[in-house]
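K.L.:
Could you have a look at this structure, given as structure tokens, before my questions?
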Amino acid sequence: MEMKYIDAWLGNVKTRMKGWAAGRRTCLCAVALLAMTAAQAMTTGEQEALAQWKAGTTVSQKAVTEFGLNRCFTATMIPDGVWQRMQGKTYKPNPYIGRNDLRHIRVLHWGTDNKIHLGEMVCNKLIAQKLVGIFRKLYDAHYVIGRMVLPDEYDADDEQQMRANNTSSFCYRVVAGSKTLSKHARGLAVDINTLYNPYVKKRADGSLYVQPSTARAYADRTKNFPCKIDKTDLCYRLFIEQGFKWGGSWRTVKDYQHFEY
Ligand SMILES: [Zn+2]
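Once you know that position 142 of the sequence shown is 151 in this note's numbering, the rest is easy, because the numbers rise by one and skip nothing.
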């Protein structure tokens with residue numbers, strides 16, 4: 010009799026322990042699920058931005074690591090979506106340069122907000138790999154580039170994109186005030202941090218013509234301010250190393266944002 014009672018009691022204890030273990034498993038599963046959902050909620054937007062390469066978006070270091078750093082620095086043929094965006098804006102039908110001469114580059118850059126931004130640029134195929142290499146070095150050095158989206162976002166209006174401090178390359182246009190094709194029209198020139206590195210020309214009367222017009226404060230190159238390009242600057246050194254010429258070295262006008270190949 011006594012043994013029966015003990016068996017019954019043990020049976021009860023076992024059942025309760027099983028129940029407790031099952032409950033605990035359910036609890037653990039719920040916690041794991043919640044954690045996974047939270048992790049997804051943190052990165053889904055970023056992963057989507059990276060997968061679709063929504064230029065201008067900021068992403069975390071974690072999202073970049075998950076996506077793969079090397080996948081964030083590429084040069085490809087112009088994707089259909091990009092080509093469509095360019096029509097009638099940076100691209101106009103012309104006999105000199107076509108879709109196959111151009112490349113779409115995707116890079117990461119550090120913004121003035123100290124965050125990682127997705128950048129994109131259209132340039133000539135001749136310099137695409139050079140640019141990817143330069144922007145990778147700038148990224149690794151935490152060099153600040155304010156914004157890097159296609160000028161098409163500003164309807165290819167140069168003054169507007171410069172006011173927005175946008176960095177870009179290709180835009181089919183003539184040199185201001187002439188019929189000469191700009192190096193940008195072939196995607197062989199790059200303008201960097203355009204608000205802080207304006208185009209400056211001394212008029213005959215000695216007054217200064219500054220482009221963008223909102224960059225007057227940055228026309229004085231004896232001053233110190235962030236994103237200023239001069240000959241000690243890393244960006245300057247990398248472009249020169251790759252065979253580019255700097256508009257800041259020109260004699261008649263100074264185009265501090267401009268590097269051309
Ligand atoms: Zn330029």
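The beta-carbon is built from N, C-alpha and C at its ideal position, and this holds for glycine as well.
#1: In the DSSP output, what is Glu250 paired with across the bridge?
#2: DSSP on Tyr270, reduced to helix/strand/coil?
#3: What residue from His126, Ser177, Thr99 and Cys132 has the CA that sits closest to Asp110's CA?
#4: According to the neighbour-count rule (16 or more other Cβ atoms, all chains shown, within 10 Å of its Cβ), is His267 buried or exposed?
#5: Beta carbon of Ala228: closer than 6 Å to some heavy atom of ligand 1?
#6: Locate the beta strand (DSSP E) running through Met130, then write down its first and last residues.
#7: Using alpha carbons as the reference points, say which of Arg230, Tyr205 and Phe234 lies closest to Val222.
#8: Residue ranges of each alpha helix (DSSP H) run of no fewer than 4 residues wholly in the region 147-203, ordered along the chain?
#9: Could you pull the start and end residues of the alpha helix (DSSP H) that Trp119 belongs to?
#10: Compute the minimum distance between the beta carbon of Ala194 and the heavy atoms of ligand 1, and state whether it is under 6 Å.
#11: Would you identify the three-state DSSP class for Trp255, choosing helix, strand or coil?
#12: Rounded to a whole number of angstroms, what is the C-alpha to C-alpha distance between Ala213 and Asp264?
#13: In the DSSP assignment, find the unbroken beta strand (DSSP E) run with Gln220 in it and report its ends.
#14: Alpha carbons only, please: which of Lys63, Leu243, Thr53 and Glu269 is nearest the one belonging to Phe179?
P.N.:
This is what the structure holds:
#1: BP columns for Glu250 are empty, so no partner.
#2: coil
#3: Cys132
#4: buried
#5: no
#6: Ile125 to Asn133
#7: It should be pointed out that residue 222 corresponds to Ser in this sequence rather than to Val. Among Arg230, Tyr205 and Phe234, the Cα nearest to that of Ser222 belongs to Tyr205.
#8: 167-172
#9: Per DSSP, Trp119 belongs to no alpha helix (DSSP H); it is in the beta strand (DSSP E), Leu111 to Trp119.
#10: no
#11: strand
#12: 18 Å
#13: Leu217 to Gln220
#14: Glu269
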